[in-house]
Amino acid sequence: MATIERRTGDRDGWRVRWWTIDKRQRSRKCRDLKTAQRLAADIERCHSRGVEWEPETARDRASLTVVAGAYQDHRRIRVAPHTLRVEGAHLDVFLRFCGERRVEWLDELARPLMDDFLGWLLAPGAALHGGQRKPQSASRIVGAALLLWQWAEDSGRWPDPPRAPRSLDLPRSPPPIVVAPTWEEMDAVIAVADGWRRRLAVWLRYTGLRVGESMRVEWGDVDMQAGRLTLRPEIEKVTTGRTVPLHPALLAEMAGWGVREGYVVAIEGRTDREPRSRDMARLWASSGVRPAAWKGHPDHAFRRGFKSGLVSAGANVDAVDFLQGHSHGGSRGRYLDGQALPLMQTLAMVPPVRVPGVSPSRVVSLPHRR
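The sequence shown lines up with residues 0 to 369 when you count with the numbering used here.
Pasting the structure below:
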């Protein structure tokens, strides 16, 4: 039997609730009482014939897959490619959960479903490779699903979508204490690496760049003669683009990296450019470096080591931030010309890699220019 109830709030109306033939609770919003009564009668007529009630037109219902695709198209021109990929991965997890719960349509979204989604994400063995997600990781995934729902409600594309919560009570964890590897510890990883993994480790150690950006750098972005790297807006997280100097020791290493075509860090046997943390984690574990310096962030550990090593040596903090692509914040971020910073002098404070097979004679001095 279908029931009708009055909705209260900033969008008053009526709601029809009923149980499907296979014992799932459903509801649908109506703008006025007459429409709600007509809908309830239609539902009861269908059930009396032993068939499930469905909307009269396809426009009345939108599948979550279609909604997610439209949302990603909306976001594609508004966020960086890396952000779009991460959001897409989070929404894929949400759609998989909805598939297991037999939730297919936008009008089936409800607050209890989001609570169940959080519990599902935190269940033992639910993460990739049978692990367990951290609360903050689960919160980010649920947050992406909530943004999808809020956008669907506000977009005006579908009539009477269920009202999305403005916020959810999601678990938060205080940021952990940062433990950065030393230059020597990063060198220990390079010593046990080979092939493209060694190239990536050397690159991250000398540049301090994000691994996602680094995997998408092409030889065309590098001016070997001038010793400069141009980070295109489409590969940089902040999507502004910038030019930074490269360490001469890195340039000397790169001179032996084969044909200068395609990606700088070419991966044998793979065409995708997504870094896999487990590859670098194996190298850290083999190196014998203390786990606190890399566990949980094997790629990002180089970025931490780069910044911590330079700051501890007295480097110009604004220059370090510019080299790594961090925002300066406030008026400094709006008015500070990065090329006015002592970038070359700061980069000169990065010590050369010292591992077997790398001769100190390959290291040259940095010129004193900006």
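Every residue, glycine too, gets a C-beta built ideally from N, C-alpha and C. Predicted model only: the values in this text are computed from it and were never measured.
Check                                                                                                                     : Outcome
Candidates Trp202, Ala192, Ile234, Asp222, of which the one nearest glutamate 212 by Cα                                   : Ile234
Straight-line Cα distance separating proline 247 from aspartate 298                                                       : 22 Å
For tryptophan 17, the first and last residue of its enclosing alpha helix (DSSP H)                                       : Element bounds for tryptophan 17: not the alpha helix (DSSP H) but the beta strand (DSSP E), 12-18.
Enclosing alpha helix (DSSP H) for arginine 241 [first to last residue]                                                   : Not the alpha helix (DSSP H): arginine 241 falls in the beta strand (DSSP E), residues 241-244.
Straight-line gap, proline 175 to proline 290 (C-alpha atoms, nearest Å)                                                  : 14 Å
Alanine 57 versus glutamate 103: straight-line alpha-carbon distance, rounded                                             : Note that alanine 57 scores a pLDDT of 46, beneath 50, so its modelled location is shaky and nothing firm can be said.
Given proline 351 as reference, the closest of Gln338, Leu340, Leu249, Tyr70 once Cα atoms are compared                   : Leu249
Bridge partner(s) assigned by DSSP for leucine 199                                                                        : Bridge partners of leucine 199: none, in fact.
For isoleucine 189, the first and last residue of its enclosing alpha helix (DSSP H)                                      : 182-191
Backbone CA spacing between threonine 345 and proline 180 [nearest angstrom]                                              : 19 Å
Element boundaries [alpha helix (DSSP H), containing arginine 277]                                                        : 276-286
For aspartate 317, the three-state DSSP class (helix, strand or coil)                                                     : helix
Cα-Cα separation between serine 62 and tyrosine 70, rounded to whole angstroms                                            : 12 Å
Run of the alpha helix (DSSP H) containing leucine 83, from where it starts to where it stops                             : 80-99
Test item: CB-CB of isoleucine 140 and valine 92 under 8 Å                                                                : yes
Where histidine 89 falls, given that 16 or more other Cβ within 10 Å makes a residue buried                               : buried
Serine 138 classed as buried or exposed, judged by whether at least 16 other C-beta atoms fall within 10 angstroms        : buried
Residue span of the beta strand (DSSP E) that contains lysine 28, given as start and end                                  : 24-29
Nonlocal neighbours in the same chain, by C-beta distance under 7 Å from arginine 132, ignoring five residues either side : Leu120, Leu121, Ala125, Ala126
Whole-angstrom distance between valine 177 and leucine 245, CA atom to CA atom                                            : 26 Å
Beta carbon of phenylalanine 301 nearer than 8 Å to that of arginine 204                                                  : yes
Neighbour-count burial assignment, glycine 308, 16 or more Cβ in a 10 Å radius                                            : buried
Candidates Gln338, Ala187, Met223, of which the one nearest alanine 254 by Cα                                             : Met223
Per-residue DSSP class, three states only, for threonine 2                                                                : strand
Where the alpha helix (DSSP H) through arginine 215 begins and ends                                                       : Arginine 215 -> no alpha helix (DSSP H), and no H or E assigned at all.
For aspartate 222, the three-state DSSP class (helix, strand or coil)                                                     : strand
Cβ neighbours of methionine 348 in the same chain (closer than 6 Å, five flanking residues each side left out)            : Leu309, Ala312, Ala314
Option in Ser285, Arg16, His296 with minimal Cα separation from alanine 109                                               : Arg16
Nearest-angstrom beta carbon gap, glycine 207 and lysine 306 [assumed within contact, 8 Å]                                : 6 Å
Arginine 74 versus serine 47: straight-line alpha-carbon distance, rounded                                                : 44 Å
For leucine 169 and glycine 142, believed in contact at Cβ under 8 Å, the rounded distance                                : 7 Å
Three-state secondary structure (DSSP) of arginine 227                                                                    : strand
Chain B within 8 Å of arginine 25, Cβ atoms only                                                                          : Considering every chain present, this structure includes no chain B. It has just one protein chain.
Coil, strand or helix - serine 307 by DSSP                                                                                : helix
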